[in-house]
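**Q** To start, I am sharing the structure in question, which I have written as C-alpha cells.
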Amino acid sequence: MQEVETSKVAINKLKYHVVTVEKTTPPEGMPGDNWHLYVIGHGSSRIEGKKPGSLKAVTEHAEAVTEDLNSRTGRGGSTYAPRKKV
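When we follow our numbering, the leftmost residue of the sequence shown carries the number 3, and every step to the right adds one.
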C-alpha cells in the first residue's frame, strides 16, 4: 500500500498546479484596480500571469490554464513542437 501512495505523490509532483492567486497592481498602462497575480508551478518552473477580475474568476482562469498545461504534458509532447518536413 505504501508504494501506491508514494507513486501518487511522484505523479502529482510532475503536474502543474496553482501555487497562488493574490491581488496586485495593474500592469503599466492598463486601466482598473481589480487585478490579480496568479502563479502556476511545476517543480522549479513558475508561470506568472496578471488578469483583471474577481479573485474567484482569476482563480478559475488559473485552474483552467493548469488543466490545459497538464493535458498537453500528458500527451508526451508540445503542440508547439516543429513538425518534420516531408
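Ideal placement from N, C-alpha and C gives every residue a C-beta, glycine not left out.
Can you look up residue 5 in the DSSP assignment and give me helix, strand or coil?
**A** Below a pLDDT of 50, predicted positions are generally treated as unreliable, and residue 5, at 45, falls in that range; the measurement from the model is reported next regardless. Residue state, collapsed to three classes: helix.
**Q** Could you please give the first and the last residue of the uninterrupted beta strand (DSSP E) stretch that includes residue 43?
**A** Counting along the chain, the beta strand (DSSP E) containing residue 43 begins and ends at 37-44.
**Q** Cα separation between residue 75 and residue 68?
**A** So the alpha carbons of these two residues sit roughly 11 Å apart.
**Q** Along the beta strand (DSSP E) that carries residue 56, what are the first and last residues, could you check?
**A** Looking at the DSSP string, residue 56 is not in any beta strand (DSSP E), and its letter there is neither H nor E.
**Q** Give the straight-line distance between the Cα atoms of residue 23 and residue 40, rounded to the nearest whole angstrom.
**A** When rounded, the distance between both Cα atoms is 4 Å.
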